[in-house]
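These notes are about the structure you will find just below.
Residue numbers (the numbering used here), protein chains in the order written: chain A, 1 to 385; chain B, 1001 to 1363.
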């Protein structure tokens, strides 16, 4: 049995941070219901082309972060749609949202309203900059937050401009999902033990600063914070060097590696500059795999820098659960695994409103006639299962 | 009585070996710190036996220690002696590496165990030298950041280890969430390479016939940093933002046909960024931030950590708190609190050894 079996999550999450948070809960066994609207889709359904696709041709990014979920389509802007939502809230444990700040209250679905419908509900607001503060309503993406959080300042080549992780990594969005899922499970424990409803204010900007916490400690100790490229304590040298096949090799050299390295390279390494020159010469003269392997053999940490194809070649041998295959296609996997109650993927990403009728009937208690009437009025959308 | 702190009464033991700065030690310390912030009693068992250099700890390592050890009990003990066994017997949760896991009898381990490793898969039990940096190489993370023509670049600090720490805490908190499962045994496996691949999932071709996603584009990247009058600003935007960005730039050259479509902008990315940078060089970060706000553009001024410490938004959210002063410390030392407000309250990391909830203002 999965650890969150019996837990129901209403997922208003979109794109990465919100949708991936709920995906982790689904992988842990929660019943996750993705809520979209006849007039508003998760933008990931349209990426990257901007065009809506058929259910059997979903964009990979949407498919990857929404597998394991059910789907319902409700127009929350209509009073009757809001009523449907509140009926679902009454029999759910968690609501996840990452709308722009103010959108949920404007829909008449503030935390106070949700709590009135269910005094044990957990509302996880996974926002860019939090519920409060002067920048709370600012529009931002993950890399915007790297800039304002102090993170980009310290990332970059030595004596050069700051650098962001960029559109293809968008780092804060990824870590936010793991952290948010963990705070939701923490709140579930609290409610389970008799605690009240919980509103979790989860700011990606706060998290991004938290993940460089030691930088702020050092800055307040009077240390000048500079960009140092790939250098890092306690390593004498840490950097990438291009091998003969054009592939970069990453290496971290500890003081304790020096003797064996001197022997391997046949050089007496006197100082940092000599170490850099010797290591660069060794790697430049060989293919990347061989260069890394010879360094590994003396116990020095070294590895070729992989691209997407290289990552896949290491599956099963060096990683096992981060990416999963479902229905013959790759999807996002799990950040961890539990031996006794394994995380698993049981269903593909749903089409729009694929489960609307079933959910309204079985969870919210609507009759077939009421469902037909709501659909006719455009309050709900009945997708094809 | 409703517990104010979700993990009050829970005892968590961190016992991970390796030299200071080791990735798994940092990951365990991050997971333990979150437990401590949320009310658990956290015992960080460390072997302080000399390991190589005897030099005085650097400011960087002291800063790491202050940040990650806040509100924990740190105990010096060998990781294979009777003391550790005794501590683990009384614990509810253990965060360990494979060496500790292998040296402690199963009956002496608590029901909830997080087992950390550098590699997953068949190499999880293999002794292979690796660091956060070389794991970032294998997981393709390094391939994504920096300039295409220069060496791959790491992100600041210890992102790989900290992300593993978040995953470790996430697995443990899930296993403790429900009454039905909180009493069951759970072994959470979290590997550094798995978490890096998980974070970097967009670098992997998801369709069988899809091309390999491109790596770092540097100056030609769609999102990048550009200079302005007093520093830098992150140029971040999506398709619907383009008309507003054109208005904000105030240079008619941006309306040339070659920039009119996303494809055109990607093909001429370096020229476009240069044009925008020229326009921004006469404006400060604050000015650009205000303008971006008025146009609802997601541009981000690059604040130095010293500036972020005094930033009005962070001040309003009381993100930074003073750590308890040590006798030799003359100046206040600040660290970010746990990035969570729970019904409007923060879990403070600053007040003594006992958890105290600090309410923060809600407008």
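Just so you know, even glycine gets a beta-carbon here, dropped at the ideal spot from N, CA and C.
{"Item": "Outcome for residue 1308 (chain B) when other beta-carbon atoms lying within 10 angstroms are tallied against a minimum of 16", "Value": "buried"}
{"Item": "Chain B contact residues for residue 181 (chain A), given Cβ-Cβ distances below 9 Å", "Value": "1170, 1173, 1174"}
{"Item": "Proximal residues to residue 241 (chain A) (C-beta, below 6 Å), its chain only, five neighbours per side dropped", "Value": "249, 280, 283"}
{"Item": "Positions along the region 159 to 192 of chain A whose CB lies within less than 7 Å of some CB in chain B", "Value": "161, 162, 163, 164, 165, 166, 167, 168, 169, 171, 174, 175, 178, 179, 181, 182, 183, 185, 186, 188, 189, 190, 192"}
{"Item": "Spatial neighbours of residue 1026 (chain B) in its chain, beta-carbon cut-off 6 Å, leaving aside the 5 residues before and after", "Value": "1158, 1161"}
{"Item": "Sub-8 Å separation of residue 71 (chain A) and residue 34 (chain A) beta-carbons", "Value": "yes"}
{"Item": "Cβ-based neighbour list, residue 1009 (chain B), same chain, cut-off 6 Å, excluding 5 preceding and 5 following", "Value": "none"}
{"Item": "Endpoints, beta strand (DSSP E) assigned at residue 413 (chain A)", "Value": "Coverage of chain A is limited to positions 1 through 385, which leaves residue 413 (chain A) absent and any answer about it impossible."}
{"Item": "Rounded straight-line distance, which links the Cα of residue 162 (chain A) to that of residue 1252 (chain B)", "Value": "28 Å"}
{"Item": "Buried versus exposed, by CB contacts within 10 Å (16 or more), residue 39 (chain A)", "Value": "exposed"}
{"Item": "Those residues which DSSP pairs with residue 1011 (chain B) across a bridge", "Value": "B:1041"}
{"Item": "Where residue 1266 (chain B) falls, given that 16 or more other Cβ within 10 Å makes a residue buried", "Value": "exposed"}
{"Item": "Below-8 Å beta-carbon distance, residue 217 (chain A) vs any chain B residue", "Value": "yes"}
{"Item": "Residue 1227 (chain B), enclosing beta strand (DSSP E) - first and last residue", "Value": "1224 to 1228"}
{"Item": "Residue 1282 (chain B) - containing alpha helix (DSSP H), residue span", "Value": "Looking at the DSSP string, residue 1282 (chain B) is not in any alpha helix (DSSP H), and its letter there is neither H nor E."}
{"Item": "Residue 1196 (chain B) versus residue 306 (chain A) - alpha carbon distance", "Value": "12 Å"}
{"Item": "Which residues DSSP lists as bridging residue 1322 (chain B), in chain order", "Value": "B:1334"}
{"Item": "Validate contact between the region 197 to 217 of chain A and the region 173 to 186 of chain A using beta carbons, cut 8 Å, 3 pairs", "Value": "yes"}
{"Item": "Status (buried if at least 16 other CB within 10 Å, exposed otherwise) for residue 1048 (chain B)", "Value": "exposed"}
{"Item": "Where residue 7 (chain A) falls, given that 16 or more other Cβ within 10 Å makes a residue buried", "Value": "buried"}
{"Item": "Positions along the region 1096 to 1110 of chain B whose CB lies within less than 9 Å of some CB in chain A", "Value": "none"}
{"Item": "DSSP beta-bridge partners of residue 1301 (chain B)", "Value": "B:1233"}
{"Item": "Listed by chain order, chain A residues near residue 1324 (chain B) by CB distance under 8 Å", "Value": "What residue 1324 (chain B) touches in chain A: nothing, since even the nearest Cβ is about 13 Å away."}
{"Item": "N-terminal and C-terminal residue of the beta strand (DSSP E) that residue 248 (chain A) is part of", "Value": "248 to 253"}
{"Item": "C-beta contact flag for residue 1045 (chain B) and residue 1095 (chain B) at 8 Å", "Value": "no"}
{"Item": "At least three beta-carbon pairs within less than 8 Å, the region 163 to 177 of chain A to the region 228 to 236 of chain A", "Value": "no"}
{"Item": "DSSP beta-bridge partners of residue 1097 (chain B)", "Value": "B:1116"}
{"Item": "Three CB pairs or more closer than 8 Å across the region 97 to 106 of chain A and the region 355 to 369 of chain A", "Value": "no"}
{"Item": "Simplified DSSP state of residue 1169 (chain B), which is helix, strand or coil", "Value": "helix"}
{"Item": "Straight-line gap, residue 29 (chain A) to residue 226 (chain A) (C-alpha atoms, nearest Å)", "Value": "44 Å"}
{"Item": "Neighbour-count burial assignment, residue 1128 (chain B), 16 or more Cβ in a 10 Å radius", "Value": "exposed"}
{"Item": "Cβ neighbours of residue 1089 (chain B) in the same chain (closer than 7 Å, five flanking residues each side left out)", "Value": "1108"}
{"Item": "Separation of residue 1142 (chain B) from residue 1295 (chain B), as counted between CA atoms", "Value": "34 Å"}
{"Item": "Alpha carbon of residue 1298 (chain B) to alpha carbon of residue 269 (chain A), nearest angstrom", "Value": "49 Å"}
{"Item": "Short-range partners of chain A found in the region 1208 to 1221 of chain B, where Cβ spacing is below 8 Å", "Value": "1208, 1210, 1212, 1213, 1214, 1215, 1216, 1217, 1221"}
{"Item": "Residue range of the alpha helix (DSSP H) that includes residue 376 (chain A)", "Value": "368 to 376"}
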